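Presented below is the structure to which this report refers.
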Amino acid sequence: MLEKHLQLTMDAVTNLCQMVEASANSIENSEGIYKSISRLEMEADNLRREMVLELTESEMFPEEREDLMELVRAVDWIADWAKEAGRILMIIPFDKAPKELRQSVSDMCKANTQCVRVLIESIQALLRNPEKVIDLANEVEL
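Position in the sequence shown counted from 1, then plus 3, gives you our numbering.
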């Protein structure tokens, strides 16, 4: 379930980058991409609710349960904000923005996608290789 949630989050962020490029270049499929982001975010929300429910019913220390719930919520915020950014792109005439601004937004979107990749790798490393997590966390900060 966690892997699926992480993939939905990554897909939402990737779709946002596609939407930024489409919006910057007046390509007509921005609305379709936004609908895809919205669908992915809703699926991620549903999975988050399921995971939180499973965690509340699990037999683990309360501190661990709380930490895991917080992690799930934090990852879910990424998909939520991808949807919100897409909604804003639907409203503003982004193709009319200065070229430098469009390029900066595109660069930020690519950097965000890379951060999410490293975040996913970090979460997966928590289960398989905890020592690697510190290095990956440092990579996100750079």
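Don't be surprised by glycine CBs; every beta carbon is placed ideally from N, CA and C.
Note that the structure is a prediction, hence the values are computed from the model and not measured.
Buried or exposed: which applies to residue i, given that a residue is buried once 16 or more other Cβ atoms fall within 10 Å of its Cβ?
i	result
ALA77	exposed
ASP79	buried
LEU129	exposed
For residue i and residue j, what's the separation of their Cα atoms in angstroms?
i	j	result
LEU74	GLY35	30 Å
MET111	ALA47	23 Å
THR116	ILE123	11 Å
MET22	GLU62	42 Å
GLU66	LEU92	39 Å
GLU53	GLN10	16 Å
PRO96	LEU56	41 Å
Are residue i and residue j close, meaning C-beta to C-beta below 8 Å?
i	j	result
LEU50	HIS8	yes
LEU104	VAL121	no
ALA27	ASP98	yes
ILE81	THR17	no
SER107	GLU24	no
ILE40	LYS86	yes
Among the candidates the options, whose CA atom is the shortest distance from the CA of residue i?
i	options	result
ALA100	SER29, GLN10, MET4 and LEU130	SER29
TYR37	GLU24, GLU6 and GLY89	GLY89
MET4	ARG131, PRO133, SER33 and GLN127	GLN127
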